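Working notes, beginning with the structure itself.
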Amino acid sequence: MKNQPLCNMPCPIARSLGRVGDGWSMLIMRDALAGFTRFDEFQKSSGVAPNTLSRRLK
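Per the numbering used here, the sequence shown starts with residue 1, numbered consecutively.
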């Protein structure tokens, strides 16, 4: 059986892990749960580059 990417699996938990599997996404999720709503808040908190942050927020 061939391994398929997590984001293509039928399980919602696996698909979620496929989307937030990298470190930046996890930090963004942490900040969102803490109540951050503005782009600059996310950037200052995590130190992520603006282009990377923009891609992860899409």
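Glycine is no exception: its CB is placed at the ideal position from the N, C-alpha and C atoms.
Because the structure is a prediction, the values reported are computed rather than measured.
Inset, instruction - Return helix, strand or coil for K44, following the three-state DSSP convention. - result: Here residue 44 corresponds to residue number 44 of the sequence shown, with the count starting at 1. Three-state result, K44: helix.
Q) Could you check where the alpha helix (DSSP H) with R38 kicks off and where it finishes? A) Walking along the sequence shown from the start, residue 38 turns up at place 38. Segment: none, R38 is in no alpha helix (DSSP H) and carries neither H nor E.
Should the stretch 23 to 30 be called in touch with the stretch 49 to 58, which here means at least 3 C-beta pairs below 8 angstroms? yes
Just verifying my parser: in three-state terms, what is the DSSP assignment at M26? Along the sequence shown, read from residue 1 onward, the residue named residue 26 stands at position 26. The answer is helix: DSSP assigns M26 an H, G or I state.
Item checked: Cβ neighbours of V48 in the same chain (closer than 6 angstroms, five flanking residues each side left out) -> Translated into positions along the sequence shown, residue 48 becomes position 48. Result list for V48: W24, in chain order.
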